[in-house]
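K.L.:
In the numbering used here, the protein residues as written are 2 to 323.
Structure (structure tokens):
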């Protein structure tokens with residue numbers, strides 16, 4: 002990893018101030034205050050692996066707060082922060098939850114009001130992960146922010162080992178290989194969080210959480226013509242039978258929920274003037290339909306009009322509203 006900043010060589014009285022400035026300017030606007038009387042040490046190291054930005058942050062005892070004001074100045078709302086504790090002890094308070102992390106533990110932090118405390122000698126990997134990848138697999142980030150995933154669990158242990166090895170070899174990877182390895186790392190993080198959710202969620206609510214994850218998985222991939230109930234079950238880590246049982250008694254079975262999301266996506270694009278040049282067959286394929294006739298039948302059954310009629314009426318209506 003390349004060293005981005007170190008307090009080594011800075012006058013003692015200036016170390017913490019310079020650290021706060023660097024954190025504010027290079028990572029995230031936050032309010033920080035030093036805890037205790039220990040001489041302050043701070044080091045930021047970084048490695049970019051495809052879309053995955055990895056930092057290793059070593060710091061003294063601190064209180065860090067993200068306030069509504071600092072959050073407004075933050076540009077990274079399309080990512081979530083994943084912290085993997087390497088040394089020391091930290092705590093995160095967010096969404097009314099307080100999570101303590103010890104070496105090996107993993108936690109997700111979102112761009113909302115947050116208070117973090119770190120001990121002397123604290124060291125963590127901080128990963129900026131595309132929000133859509135985690136929410137596509139697990140549902141809304143609010144389900145798992147400030148939830149400590151125990152480092153002793155198999156998933157968290159695999160994540161730490163993989164990220165450490167990725168950091169070690171990242172400079173030797175080709176761009177294509179870096180992209181693939183980053184994707185694997187993000188999938189491992191999602192699997193670890195799912196393992197943590199299964200342990201944290203009370204049993205009566207676990208079915209609801211799994212259904213929410215399944216729906217998020219479908220929404221993020223409904224344009225894939227190969228998406229079917231078996232693929233959804235594999236994606237969230239349950240058997241097909243278990244997935245079908247979870248959807249029983251709800252408004253739609255799994256397969257119907259997939260088709261409904263595809264139809265909703267198609268309807269939005271048909272009503273969008275920016276997509277007016279796209280042939281209906283191409284649009285249908287992009288929304289996960291492999292057969293235009295099948296798309297037209299389902300669309301008419303859902304909306305009471307053919308796709309071309311729906312497009313024409315929607316575009317005329319939007320033009321008249323201008």
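Don't be surprised by glycine CBs; every beta carbon is placed ideally from N, CA and C.
(1) If we require 4 or more residues per run, which alpha helix (DSSP H) segments fall completely within the stretch 106-146?
(2) In or out: residue 1 buried (at least 16 other Cβ within 10 Å) or exposed?
(3) Whole angstroms are fine: how far does the CA of residue 318 sit from the CA of residue 160?
(4) Please state the DSSP three-state secondary structure of residue 63.
(5) Express the C-alpha separation of residue 211 and residue 20 in angstroms, rounding to a whole number.
(6) May I have the straight-line CA-CA distance separating residue 177 from residue 187, to the nearest angstrom?
(7) For a test of the three-state rule: what should DSSP assign to residue 245, helix, strand or coil?
(8) For residue 190, does the three-state DSSP call read helix, strand or coil?
(9) Leaving out the 5 sequence neighbours to the left and right, which residues in its chain are closer than 6 Å to residue 72 when beta-carbon positions are compared?
(10) Thinking residue 81 and residue 179 are a contact (beta carbons under 8 Å), I'd like their distance in whole angstroms, please.
(11) Locate the alpha helix (DSSP H) running through residue 274, then write down its first and last residues.
(12) Do three or more CB pairs link the stretch 104-111 to the stretch 35-44 at distances below 8 Å?
(13) Residue 235 to residue 241, Cα distance in whole Å?
(14) Does the pairing of the stretch 208-226 with the stretch 150-165 give three or more beta-carbon distances under 8 Å?
(15) Since residue 6 sits in a beta bridge, which residues does DSSP pair it with?
(16) What are the boundary residues of the alpha helix (DSSP H) that includes residue 18?
(17) Provide the residue span of the alpha helix (DSSP H) that contains residue 279, from first to last.
(18) For residue 239, which three-state DSSP category applies?
(19) What is the residue span of the beta strand (DSSP E) that residue 81 lies within?
(20) What does the Cβ neighbour count give for residue 185, buried or exposed, with the cut at 16 atoms within 10 Å?
(21) Along the beta strand (DSSP E) that carries residue 98, what are the first and last residues, could you check?
(22) Using 8 Å as the threshold, is the C-beta distance between residue 95 and residue 64 below it?
(23) Kindly list the residues whose CB is nearer than 8 Å to the CB of residue 272, restricted to its own chain and excluding five residues on each side of it in sequence; keep chain order.
(24) Just confirm the distance between the C-beta atoms of residue 84 and residue 31, as a whole number of angstroms; I'd bet it's less than 8 Å.
(25) Under DSSP, the beta strand (DSSP E) around residue 71 begins and ends at which residues?
(26) Taking the beta carbon of residue 254 as the centre, do at least 16 other beta carbons fall within 10 Å, making it buried, or is it exposed?
(27) Out of 175, 264, 167 and 163, which one is the CA nearest neighbour of residue 193?
(28) Going by the DSSP bridge assignment, what does residue 151 pair with across the sheet?
(29) Reducing DSSP to helix, strand and coil, say where residue 315 ends up.
(30) Suppose you measure from the CA of residue 183 to the CA of residue 50; what does that come to, to the nearest Å?
(31) Applying the 10 Å Cβ sphere with the 16-neighbour rule, what's the burial state of residue 323?
P.N.:
With the given structure in hand:
(1) 132-139
(2) Beyond the ends of the chain as shown, which are 2 and 323, falls residue 1; an answer cannot be given.
(3) 51 Å
(4) strand
(5) 42 Å
(6) 16 Å
(7) helix
(8) helix
(9) 112
(10) That pair is no contact at about 20 Å.
(11) Per DSSP, residue 274 belongs to no alpha helix (DSSP H) and is neither H nor E.
(12) no
(13) 8 Å
(14) no
(15) 45
(16) 13-23
(17) Neither: residue 279 is in no alpha helix (DSSP H) and is coded neither H nor E.
(18) coil
(19) 80-88
(20) exposed
(21) 98-102
(22) no
(23) 311, 312, 315, 316 and 319
(24) Contact doesn't hold; Cβ gap of about 14 Å is too wide.
(25) Per DSSP, residue 71 belongs to no beta strand (DSSP E); it is in the alpha helix (DSSP H), 69-73.
(26) exposed
(27) 163
(28) Note: residue 151 sits in no beta bridge, so no partner.
(29) helix
(30) 6 Å
(31) The pLDDT assigned to residue 323 is 48, lower than 50, so where the model puts this residue is not dependable, and the model offers no usable value.
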